[in-house]
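A.B. asks: Residue numbers (our numbering), protein chains in the order written: chain A, 135 to 455; chain B, 507 to 835; chain C, 98 to 377.
Glycine included, each C-beta is placed from N, C-alpha and C at the ideal position.
My structure is below; once you've seen it, I'll send some questions.
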Amino acid sequence: MTRSQRTAAFIASRLASVVLTIAGATLLLFLMVRLVPGDFTSVMLGPRATPELRAQITHDMGLDRGLPEQLWLFASRAATGDFGEDVVSHRPILDIVLDVIPNTLALAFSALVLALVVGIPIGVIAALKPGSWIDSGLALLSISFITTPTLVVSVILFLVFAIGLHWLPVAGAGAPGDIVDRLQHLILPSVALALGWVGYISRLVRASLLDTLAELHVRTLRAYGVSEYRIVGLYALKLALVPVVSILGIGLGDLIGSSVVVEIIFARSGIGSLIFNSIAQRNYPVVQACVVFIVAFYIVANLVVDMVNALLDPRIAAGGG
Amino acid sequence: MAISVRNLSVDYSLPQGTAHALRGVSLDIKQGELLGLVGESGSGKSTVAFALMGLLANNAKVVSGSATIDGKSFDLTKRNATASLRGRGMAMIFQDPMLSLNPVFTIGTQLCEVLRRRAPGSDRKTRAEMAQDALDKVKLSNPKRRMEQYPHELSGGMRQRVVIAMALLSEPALLIADEPTTALDVTVEAQIMREIIGLRDRIGCAVLLITHSLGLVTEYCDAISVLYAGERLESGTVKEVQRQPGHPYTRMLFDCEVPIDRERHADATQNRFTVISGELPDPRRRPPGCIFNGRCDVSFEDCAAIHPSDYPVGTDVDHSARCLRLATP
Amino acid sequence: MNGLVATLKRICSERDGRLGLAFTCLILVFALVGPLVSPDPNAIDIKARFAAPGLAHLLGTDNLGRDLLARTSVGTRYALTLAVLIVVISSIIGSLIGIVAGVVGGWVDRAVTAVFDIVNAFPPLILAFALIALYGKGSATFVLLVTVVFIPQFGRMARARAQTLRNLSFIEAERMLAVHPFTIVVRHFLPNVAGPIIVLASMNLPVVIAFEASLSFLGFGVQPPKSSLGTLIKDGFISINQSWWPTIAAALVLAIATLGATLLGEALRRVIDPKTAGVR
């Protein structure tokens, strides 16, 4: 098999497993919702339940038909983006979700970038002088970043900037269309989300870099007189970043989950606060749609991470590594 | 003398104490000569190489030693004494080619990296051409394709050829080969050794071949030095040393070799191997006398007390050994 | 018992271990002893609301004048109890499922792995959200549902270990000697799986503590009148404009608890399984 054939096979197999997982997750979600104790429509509509509405819902969602048919209805509609209409606002649920997604994506993306941009250099510095007091100091810092829950970080940041200093805005996402304002509003929430990951990435980079620097191919480079900076910055780092990319996949899931807390505290609209509010209002179709989006995104993100990994380390695509 | 090492002593500081890995080792290699440094595991042969290259581990300390390479002398007690020679005057081939090559970069990239140092100021295209040319010289099939491939896509023998190509590109005055064929099949071993000799012929460098295989040395090398527990016990041309080993250890080593055409008994249990009984001495505690004393079969009482100096053996001026038996005329 | 003492000694031999042990003990002492040295956590005293730390109230008071030291102490105790309960249950169930999957193999293994993958396809917090939203709030349900979220981790680890063990020669030897499978499992698999599982459990403890706090903060975890650190932070946050003491007190305790548990867990991992002491 040529290298491109192998890579294609690798991508194909990953895609296949992704599709399967999304299918399974959708099934689980569907079952979870349907198996709620009590009559589904009453639970869903809550105090708004009238016989007419209940009949309408029953018909729309196909609750009067068999379970497999319901699943097919849900899945086929979801695949085309039809999540039905919101009972209260009569807007398509898809629109409701799409309204808030950009906010959360901006938050997650900027948190990720922040974590990488700050975490990687810290890890490299620590690895260059292991055992020194710089290393110990950075270690202490990183560990405290990692262990402090996002909840605590957000609360403290909020306290400092809302009650104490008033340098940065603490609520909302900023005026739409005003890039600078939106960026300003992005700062605190991103920092709150990213802090834990800064710590984790810096520890991971340090350990991975130390391991790589001890490997024999680095000795070869040294034997041929290649400068230490070039060795660390170019050759060692590429290899050392492979585990970092791997955890980014899990990181994205954690980021999305933690974004709920951050969005609530900083009063940002986003898929996290949408889920939260919908749950509070017992608006289950919206919850369902949100979860489908999140799961799909999470799985696709992991797929992208796998691809990037294969790019970084050609042994992975070949099935080894 | 193209290469000479004088009085190299290296200590390792370990949690259990200080290990004296090398004591007063001296070597000479003529230009274009292949010197085989032979010794069992733990004799310190790799330490000689790393001390020369300045690649010793952090817990190692060069207590004494100097080297003269191509006319220039270096004080080996300083950590980066020979740093300027790396990639230009000295090249090293390591034992395991898979581990010695970076798995996530192409062969071409790694070869060109060597050239950056060797030919600074050259552009990428020139470097690529030189690299490809080197691959061709080491008889690697399809050099153009190899440039784009990754180490794991090549076999062990091919990888070692790449490593030799790297050495070729740096045009060294001294090539150190640390057990270059140990990780390879026997069938590939001959090919690689021929490549190394080809390299020597092409560039005219001195080669220090570090190995535990006496057979390799007698087959391919011009000169031999025997290392035991950190001391050089004997050195001379391969022909002379083989004909008339000056040191008991050398003699016993040759006796251990089993020639392929040796007669075998019908009853397999009757076949006997010669072994050298005993173990290496503890590197933390050197005995006052001869280092080989405990395992020698011809030692006498002075051997335990007097540390033998280098005595000439036979008529060849290059042949010498550290044995008190040679002291008595 | 000897093993315990030896383990403790080795944990104390390094700085992180000592710190972790110190913080954890601090929190434990705080949780257990707190109410004994402070006023009734439920005593409402409107006149003294939002008091700063002082002699009468060592950590101040909350919006209803209740003593914060007492409340945080009770909250800590509850939070720790829940977290430990969740970790213990999910580790036991997860290990059993994992061992079965790893040993039996075949379609059982594939089915179990598929289920694990699907559960893991949901970000943990979101999954817990969805489950609690659908199946109700309350501590018992909470423990059950969060356990479900964490089972796959333990299951995967146990399965991997079981698979490695299954292939070892001495297991094959015993099977050929017709030792009963159950005996093999108990004598060999459980002890070998227990090590990494304990390490994973101790490393997951701070995660679960933070998890429960986040969920309680959002109103999905512990319900009033019970309180945990998360609910205390929520209460404090609502009235943060009037006083930041309630929030800080609970948040600080939470931070110390997770820090201590993490350091201790890491030290424990280095002691029990030094081969995997990769990332510090």
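Would you call the region 519-530 of chain B in contact with the region 425-436 of chain A, where contact means no fewer than 3 C-beta pairs closer than 8 Å?
C.D. replies: No, because fewer than three Cβ pairs between the region 519-530 of chain B and the region 425-436 of chain A fall closer than 8 Å, the two stretches do not touch.
A.B. asks: Per DSSP, P818 of chain B forms a beta bridge with which residues?
C.D. replies: For the purposes of this step, residue 818 of chain B is identified with residue 312 of the second sequence, where counting begins at 1. Beta-bridge pairing links P818 of chain B to B:S826.
A.B. asks: I'd like to know whether the C-beta atoms of I381 of chain A and G330 of chain A end up nearer to each other than 7 Å.
C.D. replies: If you number the first sequence from 1, residue 381 of chain A lands on position 247. If you number the first sequence from 1, residue 330 of chain A lands on position 196. No. Outside cutoff.
A.B. asks: Just list the residues that DSSP pairs L540 of chain B with in beta bridges.
C.D. replies: One-based indexing of the second sequence puts residue 540 of chain B at position 34. BP columns for L540 of chain B point to B:V713.
A.B. asks: Tell me, please, which residues DSSP counts as bridged to I535 of chain B.
C.D. replies: Within the second sequence, the letter at position 29 stands for residue 535 of chain B. I535 of chain B is bridged to B:I509.
A.B. asks: The alpha helix (DSSP H) that contains G721 of chain B, what's its start and end?
C.D. replies: In the second sequence, the residue the question calls residue 721 of chain B occupies position 215. Segment 720-726, the alpha helix (DSSP H) holding G721 of chain B.
A.B. asks: For the alpha helix (DSSP H) holding K263 of chain A, just list the boundary residues, first then last.
C.D. replies: Counting from 1 along the first sequence, the entry for residue 263 of chain A is found at position 129. K263 of chain A -> no alpha helix (DSSP H), and no H or E assigned at all.
A.B. asks: For L338 of chain A, which of A:R316, A:Q415, A:P377, A:L368 has the nearest alpha-carbon?
C.D. replies: As a position in the first sequence, residue 338 of chain A is number 204, starting the count at 1. Comparing Cα-Cα distances from L338 of chain A to each of A:R316, A:Q415, A:P377, A:L368, the minimum goes to A:P377.
A.B. asks: Which residue from B:L543, B:Q537, B:Y656, B:A772 puts its Cα closest to that of I613 of chain B?
C.D. replies: The sequence position of residue 613 of chain B within the second sequence is 107, counting from 1. Among B:L543, B:Q537, B:Y656, B:A772, the Cα nearest to that of I613 of chain B is on B:Y656.
A.B. asks: Specify whether the region 255-266 of chain C and the region 148-161 of chain C touch according to this definition: at least 3 beta carbon pairs, one from each stretch, less than 8 Å apart.
C.D. replies: In short, these stretches do not touch, since the Cβ pair count stays below three.
A.B. asks: Please report the straight-line C-alpha distance between T104 of chain C and L123 of chain C, rounded to a whole angstrom.
C.D. replies: In the third sequence, counting from the first residue as 1, residue 104 of chain C sits at position 7. In the third sequence, counting from the first residue as 1, residue 123 of chain C sits at position 26. Between T104 of chain C and L123 of chain C, the C-alpha separation is close to 20 Å.
A.B. asks: Output needed for L329 of chain C: all residues of its chain with C-beta closer than 7 Å, excluding positions within five of it in sequence on either side, in chain order.
C.D. replies: On the third sequence, residue 329 of chain C is found 232 positions in, with the first residue counted as 1. Cβ neighbours of L329 of chain C beyond the five flanking positions: R168, T169, G172, P343, A347.
A.B. asks: Note down the Cα distance separating I353 of chain C from D113 of chain C, rounded to an integer number of angstroms.
C.D. replies: Translated into the one-based positions of the third sequence, residue 353 of chain C becomes position 256. Translated into the one-based positions of the third sequence, residue 113 of chain C becomes position 16. Roughly 14 Å separates the two Cα atoms.
A.B. asks: Alpha carbon to alpha carbon, how far is R449 of chain A from Y488 of chain A? Give it in angstroms, no decimals.
C.D. replies: The question about residue 488 of chain A has no answer here: the residues shown for chain A are numbered 135 through 455.
A.B. asks: Please confirm whether G454 of chain A has its beta-carbon closer than 7 Å to some beta-carbon of chain C.
C.D. replies: Taking the first residue of the first sequence as position 1, residue 454 of chain A is located at position 320. Note on G454 of chain A: pLDDT 46, under 50, position unreliable in the model; the coordinate value appears next. False, the Cβ-Cβ gap to chain C never drops below 7 Å.
A.B. asks: Starting from S278 of chain A, find everything on chain C with Cβ-Cβ shorter than 9 Å and list it in chain order.
C.D. replies: Mapped onto the first sequence, residue 278 of chain A falls at position 144. Under the 9 Å cutoff, chain C gives A352, L356.
A.B. asks: List, in order along the chain, the chain C residues whose C-beta lies closer than 8 Å to that of F410 of chain A?
C.D. replies: Here residue 410 of chain A is taken as the residue at index 276 of the first sequence, counted from 1. Residues of chain C passing the Cβ test: F226, L315.
A.B. asks: At the level of alpha carbons, what is the spacing between K584 of chain B and V568 of chain B?
C.D. replies: Here residue 584 of chain B is taken as the residue at index 78 of the second sequence, counted from 1. Here residue 568 of chain B is taken as the residue at index 62 of the second sequence, counted from 1. Their Cα atoms are separated by approximately 8 Å.
A.B. asks: Does DSSP put E763 of chain B in a helix, a strand or coil?
C.D. replies: Translated into the one-based positions of the second sequence, residue 763 of chain B becomes position 257. Here E763 of chain B sits in coil by DSSP.
A.B. asks: Give every residue of the same chain whose Cβ lies closer than 6 Å to the Cβ of M699 of chain B, excluding the five residues on either side of it in the sequence, and list them in chain order.
C.D. replies: Start at 1 with the first residue of the second sequence, and residue 699 of chain B comes out as number 193. Excluding residues within five positions, the ones whose Cβ falls inside 6 Å are Y726.
A.B. asks: In this structure, does DSSP put F295 of chain A in helix, strand or coil?
C.D. replies: Position 161 of the first sequence, counting from 1, holds the residue named residue 295 of chain A. It is helical.
A.B. asks: Which whole-angstrom value describes the C-beta separation of K234 of chain C and Q320 of chain C, a residue pair presumed to lie in contact below a C-beta threshold of 8 Å?
C.D. replies: Your numbering for residue 234 of chain C matches position 137 in the third sequence. Your numbering for residue 320 of chain C matches position 223 in the third sequence. With 8 Å as the limit, K234 of chain C and Q320 of chain C qualify as a contact, their Cβ atoms being about 5 Å apart.
A.B. asks: From D788 of chain B to V516 of chain B, what does the alpha carbon distance come to, in whole angstroms?
C.D. replies: Within the second sequence, the letter at position 282 stands for residue 788 of chain B. Within the second sequence, the letter at position 10 stands for residue 516 of chain B. The alpha-carbon atoms of D788 of chain B and V516 of chain B are separated by roughly 15 Å.
A.B. asks: Who are the Cβ neighbours of H300 of chain A in its own chain at under 6 Å, not counting the five residues just before and after it?
C.D. replies: What you label residue 300 of chain A is simply residue 166 of the first sequence in a count that begins at 1. None.
A.B. asks: Considering only DSSP beta bridges, list what G523 of chain B is partnered with.
C.D. replies: By 1-based counting over the second sequence, the position of residue 523 of chain B is 17. DSSP output for G523 of chain B lists B:L520 as bridge partner(s).
A.B. asks: In three-state terms, what does DSSP make of R112 of chain C?
C.D. replies: The count along the third sequence starts at 1 and reaches residue 112 of chain C at position 15. Three-state DSSP puts R112 of chain C in a helix.
A.B. asks: Leaving out five residues on either side along the sequence, give the residues of the same chain with a beta carbon under 8 Å from the beta carbon of V376 of chain C.
C.D. replies: Numbered from its first residue, the third sequence carries residue 376 of chain C at position 279. Here V376 of chain C scores only 35 on pLDDT, less than 50, and its place in the model should not be relied on; the value that follows carries that caveat. Within the same chain, V376 of chain C has no close Cβ partners at all.
A.B. asks: I'd like to check one pair, V713 of chain B with N543 of chain B: are the Cβ atoms closer than 7 Å?
C.D. replies: Taking the first residue of the second sequence as 1, we reach residue 543 of chain B at position 37. Taking the first residue of the second sequence as 1, we reach residue 713 of chain B at position 207. One point to set straight first is that residue 543 of chain B is Leu, not Asn, in the sequence displayed. Taking 7 Å as the Cβ cut-off, L543 of chain B and V713 of chain B do not qualify as a contacting pair.
A.B. asks: Name the two residues that bound the continuous beta strand (DSSP E) containing K578 of chain B.
C.D. replies: Locating residue 578 of chain B in the second sequence gives position 72, where the first residue counts as 1. Counting along the chain, the beta strand (DSSP E) containing K578 of chain B begins and ends at 578-581.
A.B. asks: Using only CA atoms, which one of A:L149, A:T141, A:A143, A:R140 lies nearest to N436 of chain A?
C.D. replies: Within the first sequence, the letter at position 302 stands for residue 436 of chain A. The option with the nearest alpha carbon to N436 of chain A is A:L149.
A.B. asks: Contact check, P754 of chain B vs F798 of chain B under 8 Å by CB: the rounded distance?
C.D. replies: Working through the second sequence from its first residue, we reach residue 754 of chain B at position 248. Working through the second sequence from its first residue, we reach residue 798 of chain B at position 292. That pair is a contact at about 7 Å.
A.B. asks: Looking at chain B, is there any beta carbon in it that lies within less than 7 Å of the beta carbon of G359 of chain A?
C.D. replies: Translated into the one-based positions of the first sequence, residue 359 of chain A becomes position 225. Closer than 7 Å to some Cβ of chain B, the Cβ of G359 of chain A qualifies, so yes.
A.B. asks: Mind checking if M441 of chain A is an interface residue toward chain C, Cβ cutoff 7 Å exclusive?
C.D. replies: As a position in the first sequence, residue 441 of chain A is number 307, starting the count at 1. Closer than 7 Å: no.
A.B. asks: I'd like to know if I248 of chain C contacts chain A, where contact means its C-beta is closer than 7 Å to some C-beta of that chain.
C.D. replies: Here residue 248 of chain C corresponds to residue number 151 of the third sequence, with the count starting at 1. No, because no Cβ of chain A sits closer than 7 Å to the Cβ of I248 of chain C.
A.B. asks: Can you check whether the CB of S407 of chain A is closer than 7 Å to the CB of A398 of chain A?
C.D. replies: Counted from its first residue, the first sequence places residue 398 of chain A at position 264. Counted from its first residue, the first sequence places residue 407 of chain A at position 273. Residue identity differs from the one stated: residue 398 of chain A is Ile in this sequence, not Ala. Result yes, Cβ atoms of I398 of chain A and S407 of chain A sit closer than 7 Å.
A.B. asks: Does the CB of G593 of chain B have a neighbour CB from chain A at under 7 Å?
C.D. replies: As a first step, residue 593 of chain B must be located in the second sequence, where it is residue number 87. Yes, its Cβ sits closer than 7 Å to a Cβ of chain A.
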